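A.B. asks: Sharing a structure below in structure tokens format, with a few things to ask.
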Amino acid sequence: MFSKQPSPYSAQSPVWVKCVAKYTATRAESFEVVGGVVVMKSIRLVAACVLSDGESCAVAHLKGDDCSRLEEGQSYYIKNYNLTGRYGQKKLFFCPSTVVFRTSTVDVCSALDTLCRHAVCPPSKPFQETDSVEGYYTVEGDVIRMEIAKNFVEVEVTGVSEKTNTHESIILTAAMEQLVVPADVWAGDIDSLVEELPVKILVVAEGGVVRALRSIVVIVTVTEKMEIAKNFVEVEVMGVSEKTDTHERILLTAAMKQLVASADVWAGDIDSLVEELPVKILVVAEGGVVRAFRKSVHKKDSSLASLEPSLRLCVLRC
Numbered sequence: 083m084f085s086k087q088p089s090p091y092s093a094q095s096p097v098w099v100k101c102v103a104k105y106t107a108t109r110a111e112s113f114e115v116v117g118g119v120v121v122m123k124s125i126r127l128v129a130a131c132v133l134s135d136g137e138s139c140a141v142a143h144l145k146g147d148d149c150s151r152l153e154e155g156q157s158y159y160i161k162n163y164n165l166t167g168r169y170g171q172k173k174l175f176f177c178p179s180t181v182v183f184r185t186s187t188v189d190v191c192s193a194l195d196t197l198c199r200h201a202v203c204p205p206s207k208p209f210q211e212t213d214s215v216e217g218y219y220t221v222e223g224d225v226i227r228m229e230i231a232k233n234f235v236e237v238e239v240t241g242v243s244e245k246t247n248t249h250e251s252i253i254l255t256a257a258m259e260q261l262v263v264p265a266d267v268w269a270g271d272i273d274s275l276v277e278e279l280p281v282k283i284l285v286v287a288e289g290g291v292v293r294a295l296r297s298i299v300v301i302v303t304v305t306e307k308m309e310i311a312k313n314f315v316e317v318e319v320m321g322v323s324e325k326t327d328t329h330e331r332i333l334l335t336a337a338m339k340q341l342v343a344s345a346d347v348w349a350g351d352i353d354s355l356v357e358e359l360p361v362k363i364l365v366v367a368e369g370g371v372v373r374a375f376r377k378s379v380h381k382k383d384s385s386l387a388s389l390e391p392s393l394r395l396c397v398l399r400c
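Using my numbering, the first residue of the sequence shown is number 83, and each one after it goes up by one.
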């Protein structure tokens with residue numbers, strides 16, 4: 083259940099929620115005048131995600147890279163967040179230490195589902211001429227601009243160069259083709275990229291020019307692996323997350339502790355694991371880092387009986 087911490091020195095308890103609805107938008111941050119026309123100079127992606135624990139709802143306001151951490155219809159454990167109840171609505175905010183774990187589904191009844199969706203997109207009311215009426219109206223008008231859905235293609239980058247006069251980046255693919263990346267599409271550090279070569283990226287390219295770049299996946303090659311005697315212990319996994327920069331998997335146990343599993347220890351499919359949560363596994367862990375897996379024993383426990391009583395989250399069944 084969403085509840086505010088009793089004092090500024092108390093940490094929020096991990097919350098088990100479902101992202102019932104997600105609304106994304108592009109927000110302009112700065113403008114400039116070009117040929118007498120005001121155009122957007124820089125933009126930022128923002129999102130409003132309605133989260134429900136089965137009893138109530140809260141709106142998570144996200145921006146930038148955090149927008150991709152929550153998906154509509156998916157359930158999560160969220161740790162280290164900020165919660166406020168200003169303006170009559172519960173609002174949840176991420177902070178630098180926030181960790182998001184994908185987990186088993188939270189049940190939300192149809193009435194609560196409708197209430198959640200109306201939290202950020204209230205239903206329209208009949209139009210009235212008086213200015214004192216409260217409510218929201220449906221807006222109709224002409225389409226000024228349309229954007230075509232982009233089809234990303236995966237390419238493997240083996241080399242990179244830069245044009246000193248235009249600061250455009252030129253990437254060399256595994257097929258020995260050259261792609262030009264304008265500075266407004268990607269302005270990252272070339273030295274850091276060179277250290278990670280070869281890398282795979284998702285791009286939209288037209289006529290040899292990259293129009294959009296969505297993500298970079300670092301290729302990790304394990305050259306040597308030593309087998310040592312291992313003492314396995316059983317832990318129950320309640321949620322799973324992934325670090326986008328290192329591709330390490332973070333496991334949330336029933337004791338609300340975190341275990342980090344590197345890509346060379348476990349590179350399994352997260353979606354398949356989430357469908358089976360909660361699940362018991364046998365691991366060797368040192369200092370919060372998983373060194374080995376031996377086997378897993380899948381066992382559903384929808385009552386969350388393994389959690390501490392103070393950390394159990396109630397689910398409204400309808």
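Heads up, the beta-carbon is just placed ideally off N, CA and C, and yes, glycines get one too. All figures in this text were calculated on a predicted structure; none of them were measured in a lab.
(1) Just how far apart, CA to CA, sit I160 and K245?
(2) DSSP three-state label for S150, please.
(3) On a Cα-Cα basis, can you pick out the residue from N247, L279, V366 that is closest to A256?
(4) Looking only at C-alpha atoms, which of D353, V102, V365, S354 sits nearest to C191?
(5) Considering just the uninterrupted stretch of the beta strand (DSSP E) at C101, what are its terminal residues?
(6) Can you tell me whether R168 is buried or exposed, with buried defined as 16 or more other CB within 10 angstroms of its CB?
(7) Which of the three DSSP states, helix, strand or coil, is assigned to T196?
(8) Under the three-state reduction of DSSP, which class applies to G289: helix, strand or coil?
(9) What residue range does the beta strand (DSSP E) around L144 cover?
(10) Taking 8 Å as the threshold, find out whether the segment 310-329 comes into contact with the segment 344-356 through three or more Cβ pairs.
(11) If you drop the 5 nearest sequence neighbours on each side, which residues of the same chain put their C-beta closer than 6 Å to that of L144?
(12) Taking the CB atoms as reference points, tell me whether L152 and L165 lie closer together than 7 Å.
(13) Please list, in chain order, all residues of the same chain as P264 whose beta carbon is under 6 Å from its beta carbon, the five residues on each side excluded.
(14) By alpha-carbon positions, which one of L194, P205, D147, L295 ends up nearest to E236?
(15) When the Cα atoms are used, what is the spatial distance from Q281 to V121?
(16) For I125, which residues from the same chain have a beta carbon less than 6 Å from its beta carbon, with the 5 sequence-adjacent residues on both sides left out?
(17) Cutting at 6 Å between CB atoms, please list the residues of its own chain near A287, excluding the five before and the five after it.
(18) Report the option in K123, V292, Q156, V181 whose CA atom is closest to the CA atom of S112.
(19) Alpha carbons only, please: which of V372, M258, P360 is nearest the one belonging to V347?
(20) So does V190 have its beta carbon nearer than 6 Å to some heavy atom of the ligand MN?
(21) Which one of N233, I253, F234, T248 has the shortest CA to CA distance from G241?
(22) Leaving out five residues on either side along the sequence, give the residues of the same chain with a beta carbon under 7 Å from the beta carbon of E114.
(23) So, using beta-carbon positions, are V315 and E330 closer together than 7 Å?
(24) DSSP three-state call for V302: helix, strand or coil?
(25) Using the C-alpha atoms, what's the distance from N313 back to A336?
(26) For the candidate residues W268, E259, I283, L275, whose alpha-carbon lies nearest to that of G290?
(27) Considering only C-alpha positions, which residue in the set G223, V239, S243 is nearest to I272?
(28) Run the CB neighbour count on A201, radius 10 Å, all protein chains shown included, and call it buried at 16 or more, exposed below.
(29) Does DSSP put G241 in a helix, in a strand, or in coil?
(30) Which residue comes first and which comes last in the alpha helix (DSSP H) that contains V366?
(31) Bridge partners for G321 per DSSP, in chain order?
(32) Find the nearest neighbour of M338 within the set G117, V181, G170, judged by alpha-carbon distance.
(33) Buried or exposed: P360, going by 16 or more other Cβ atoms within 10 Å of its Cβ?
C.D. replies: In this structure, then:
(1) 43 Å
(2) helix
(3) L279
(4) V102
(5) 97-116
(6) Within a 10 Å sphere around the beta-carbon of R168 sit fewer than 16 other beta-carbons, which makes this residue exposed.
(7) The DSSP-derived three-state label of T196 is helix.
(8) Coil.
(9) 139-145
(10) yes
(11) A129
(12) no
(13) E250
(14) L295
(15) Per the sequence presented here, residue 281 reads as Val, with Gln not at that position. In a straight line, the C-alpha of V281 is about 34 Å away from that of V121.
(16) T108, A110
(17) The beta carbon of A287 sits closer than 6 Å to the beta carbons of L261 from its chain, once the five residues preceding and following it are set aside; these are given in chain order.
(18) When each option's Cα is compared against that of S112, the closest is K123.
(19) Ranked by how close their Cα comes to the Cα of V347, the residues V372, M258, P360 have V372 in first place.
(20) Absence of the ligand MN is noted for the structure shown, with no ligands found whatsoever.
(21) I253
(22) V121, K123
(23) no
(24) Note that V302 scores 43 on pLDDT, short of 50, meaning its location in the model is unreliable; the coordinates nonetheless yield the value given after this. Here V302 sits in coil by DSSP.
(25) 20 Å
(26) E259
(27) Residue S243 holds the alpha-carbon nearest to the alpha-carbon of I272 among G223, V239, S243.
(28) Buried is the call here.
(29) strand
(30) Premise fails: V366 lies in the beta strand (DSSP E), 361-368, not in any alpha helix (DSSP H).
(31) T185, L334
(32) From the listed residues G117, V181, G170, the smallest Cα separation to M338 is found for V181.
(33) buried
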